[in-house]
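When we follow my numbering, the leftmost residue of the sequence shown carries the number 341, and every step to the right adds one. Every residue, glycine too, gets a C-beta built ideally from N, C-alpha and C.
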Amino acid sequence: MNSEILVNVTPMETRVALVENGVAQEMFIERSQARGIVGNIYQGKVVRVLPGMQAAFVNIGLERAAFIHASDISGTTENVPGIAELVREGQTLLVQVVKDPIGNKGARLTTQFSVPSRYLVYMPGTEHVGVSQRIDGDEERERLKETVSRLHQELEIPQGGFILRTAAEGIGEAELRSDMAYLKRLWAALQEKTRGQKPPYIVYEDLPLFLRVARDMVRADVDKIRIDSRETHARTLEFVRKYNPEVEPVFEYYPGERPIFDLFGVEEELERALSRKVDLKSGGYLIFDQTEAMSTIDVNTGGYVGHRNLEETIFKTNLEAVATIVRQLRLRNLGGIIIIDFIDMADAEHRRQVLRMLEKTLERDHAKTKVTGVSELGLVEMTRKRTRESLEQVLTETCPACGGRGRMKTAQTVCYEIFREIMREERAYDNRSYMVLASQAVVDRLLDEESAAVADLEEFIGKPLKFQVESMYQTDQFDVVLL
Numbered sequence: 341m342n343s344e345i346l347v348n349v350t351p352m353e354t355r356v357a358l359v360e361n362g363v364a365q366e367m368f369i370e371r372s373q374a375r376g377i378v379g380n381i382y383q384g385k386v387v388r389v390l391p392g393m394q395a396a397f398v399n400i401g402l403e404r405a406a407f408i409h410a411s412d413i414s415g416t417t418e419n420v421p422g423i424a425e426l427v428r429e430g431q432t433l434l435v436q437v438v439k440d441p442i443g444n445k446g447a448r449l450t451t452q453f454s455v456p457s458r459y460l461v462y463m464p465g466t467e468h469v470g471v472s473q474r475i476d477g478d479e480e481r482e483r484l485k486e487t488v489s490r491l492h493q494e495l496e497i498p499q500g501g502f503i504l505r506t507a508a509e510g511i512g513e514a515e516l517r518s519d520m521a522y523l524k525r526l527w528a529a530l531q532e533k534t535r536g537q538k539p540p541y542i543v544y545e546d547l548p549l550f551l552r553v554a555r556d557m558v559r560a561d562v563d564k565i566r567i568d569s570r571e572t573h574a575r576t577l578e579f580v581r582k583y584n585p586e587v588e589p590v591f592e593y594y595p596g597e598r599p600i601f602d603l604f605g606v607e608e609e610l611e612r613a614l615s616r617k618v619d620l621k622s623g624g625y626l627i628f629d630q631t632e633a634m635s636t637i638d639v640n641t642g643g644y645v646g647h648r649n650l651e652e653t654i655f656k657t658n659l660e661a662v663a664t665i666v667r668q669l670r671l672r673n674l675g676g677i678i679i680i681d682f683i684d685m686a687d688a689e690h691r692r693q694v695l696r697m698l699e700k701t702l703e704r705d706h707a708k709t710k711v712t713g714v715s716e717l718g719l720v721e722m723t724r725k726r727t728r729e730s731l732e733q734v735l736t737e738t739c740p741a742c743g744g745r746g747r748m749k750t751a752q753t754v755c756y757e758i759f760r761e762i763m764r765e766e767r768a769y770d771n772r773s774y775m776v777l778a779s780q781a782v783v784d785r786l787l788d789e790e791s792a793a794v795a796d797l798e799e800f801i802g803k804p805l806k807f808q809v810e811s812m813y814q815t816d817q818f819d820v821v822l823l
């Protein structure tokens, strides 16, 4: 598979796109005024303990208090002690962010720390040595585990475990020794920083996005990493030469006049990823709806009629939809509960093949996913791990006109609301006349289609009605002014 990573840098934000076979698959955006905080370590203060929820709120210096569950303190999901036994209000608590604040929810915290380097993740709270599932071969996995266990003793690293990252495959002892020594020094420095300051304050901050690319995203299947900023390219090479010099040839400065995201079609893909409707090549289409509780995806045949019979048309459309759905999940970074409404398939074998195709395609997704079977109604329930905001949450905001509903009252509905409001005012007050302030669409309807009803209302109340267009009003906004 031909993979490239494109890094677009401006003073305001950094955008990173993972492109596979010429098509954008994943998108990462970090704005200078709103950097993600996953991985950051804070010295916080417990502000509220909630025994009924087995959780506590912790002030880590953000706008909203962060949330920690008892299991994220005890490190187990079985026989979890009561939260009141683990923390108390006013207590100082060292915590790490595992989920960014999303919507109205504060950040999610843990006291089970993990600090990454190029090849390893150091976990001070455990003795476990694990190996990335993406490293194949029992012999290589055992070699890596044995090497790390031996170096752990040689370097006299304090209590703690390690996870060998995918990048560690084939790496020799010298590189692992260097990484482990670095993590030992880093953790000692972090512990020193927790002494003598008043919480809340930050103890450790993860690298900026462009350096996380160099640390985390350089894999064997990545052919090029193109960076369109000379300064950022130079800083990245400085980092790479220090920690991972053998991958330096992968990095390339892009000096072209045409914006790098335009050249590779990423801007167009971004626009499509913000749309509800995604067209399929066959003529079918998908509808994406994202809510706070879950995301839903509806598959439709659209203009695709097939060449054989209806069942075959439905099966082909569902199969084609799978690849597009998985790519859009990654590109949009949809997480949590996801419901996919495939077109109903009568053939049980077709349902099995669609489900198998979905599971197989999801194997390329770096986020953890879990899929249930296809129901008789064609519904698939799945989950995808969510650690940061979706593309829609990062790039858009709730529509001020419809309040996020996606629907607005019709001009006709608003006209009838105006009539009812005038009747309420007439019963309560003694007025000479009324002035209605409304949008252009509503006033036009009042003077045209509803003119007979307006005349009847004027006759009924015995008073004239006046209308004025307010250009800033949305369709469902109006005021009735007493004259």
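Where residue i falls, given that 16 or more other Cβ within 10 Å makes a residue buried
i	result
S457	buried
L731	buried
K806	exposed
S779	buried
R555	buried
Y756	exposed
Y541	exposed
D819	exposed
M520	buried
P539	buried
R764	exposed
R448	buried
V821	exposed
H468	exposed
K385	buried
S635	buried
DSSP-derived helix/strand/coil call for residue i
i	result
L805	strand
N361	coil
E464	Correcting the residue type first, residue 464 is Pro in the shown sequence and not Glu. Reduced to three states, the DSSP call for P464 is coil.
K524	helix
V488	helix
K656	helix
R404	coil
V420	coil
Y593	strand
P456	strand
R570	helix
F604	coil
V662	helix
T534	coil
I413	helix
Beta bridge counterpart(s) of residue i as assigned by DSSP
i	result
L702	Note: L702 sits in no beta bridge, so no partner.
M634	I677
R371	E353, A374
S343	E360, V562
R388	F397
N348	R355
K445	I442
T432	K385
F818	A778
R724	G676, T709
F628	I637
E544	For clarity, residue 544 is Tyr in the given sequence; the question names Glu instead. According to DSSP, which records beta bridges pairwise, Y544 is partnered with I381.
Proximal residues to residue i (C-beta, below 6 Å), its chain only, five neighbours per side dropped
i	result
R517	L491
R726	G675, G676
A707	R724, K725
E660	L620, S622
I680	I637, V720
E607	F601
V420	A410, S411, S414
Cα-Cα separation between residue i and residue j, rounded to whole angstroms
i	j	result
D629	K617	9 Å
V356	E699	26 Å
R388	R505	36 Å
A686	G362	36 Å
D770	A781	29 Å
D440	Q668	21 Å
S715	F682	10 Å
R598	H573	18 Å
L460	M748	52 Å
E729	E586	33 Å
I762	G605	54 Å
Cβ-based neighbour list, residue i, same chain, cut-off 7 Å, excluding 5 preceding and 5 following
i	result
K564	E344, V590, E592
V553	I345, V347, V356, I565
T576	F550, L551, A554, I567, F591
R404	P441, G446
R581	E588
Residue i Cβ short of 8 Å to the ligand SAM heavy atom set
i	result
L614	Only the bare structure without any ligand can be found here, which leaves the ligand SAM out of the picture.
Min CB distance residue i to chain C below 9 Å
i	result
L491	The structure shown contains no chain C; it holds only a single protein chain.
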